[in-house]
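Chains as they are written, first to last, in my numbering: chain E, 15 to 127; chain R, 421 to 531.
Report on the following structure.
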């Protein structure tokens, strides 16, 4: 059974640029959630995708957007990057949207200069 | 979503039992209590989940009093590899999938 994988592991961008982060869910999981974790803080929920549709969103602006593909892998896109977007971005997959344990990937460390 | 309060940090020594208490005074009837562990530069890992009384698995025990306004994660005989951040989450397991984590408790285990 393959766990949750994310790419790239690290990324450096400059303010105003756009970034795309990728996540492959665990085999058999149809739900992917994305989290932002700033240094020294707990992960904050960005949004969740279930069967290719957005299924809930946290308190993040529209420049944070996502996609889920038929194989349930997912992308997180961030436009017009700001310095405060520097963080660890975590992807988690689960069997269903709620009531199930989430399995997290190792994350992508984004640095915005 | 119920607000949770945990100690910021705890120190322990190898072989000791570590107990982390989480306060959640406004827990709702449908809320479950879930604990995650996170090592540096890794994603959180599910440890244990419970609703009331006591839950035990191969890693930890979770004690929940009758009023459910707090819960205690118990890690038996910790080792250096248990040094991590531990998060307590409280929410409706079937609806509150939009859970965000608090700051957690940093547990440091020393030799």
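Note that CB positions come from ideal geometry on N, CA and C, so glycine has one too.
Since this is a predicted model, take the numbers as computed values, not measurements.
- When Cβ-Cβ separations below 9 angstroms define contact, residue 470 (chain R) makes no contact with chain E.
- Residue pairing of residue 453 (chain R) in beta bridges, as defined by DSSP: R:470 and R:510.
- Chain R has a Cβ within less than 9 angstroms of the Cβ of residue 57 (chain E).
- At a cut-off of 9 angstroms between C-beta atoms, residue 29 (chain E) does not count as an interface residue with respect to chain R.
- A contact between stretches requires three or more CB pairs, one per stretch, nearer than 8 angstroms, and the segment 101-113 of chain E fails this requirement with the segment 421-434 of chain R.
- When the alpha-carbon of residue 18 (chain E) is set against those of E:95, E:58, E:88 and E:52, the nearest one is in E:88.
- For a Cβ distance threshold of 9 angstroms, residue set 117 and 118 of chain E lies close to residue 465 (chain R), ordered along the chain.
- Your pair residue 33 (chain E) and residue 104 (chain E) does not check out as a contact, with CB atoms roughly 15 angstroms apart and the cut at 8 angstroms.
- Within the DSSP bridge table, the entry for residue 36 (chain E) names E:21 and E:89 as partners.
- Annotation for residue 473 (chain R): 484 place their beta carbon closer than 7 angstroms to its own, counting only its chain and skipping 5 residues before and after.
- If the five residues before and after residue 522 (chain R) are omitted, its C-beta is found closer than 6 angstroms to the C-beta atoms of 424, all from its own chain and listed in chain order.
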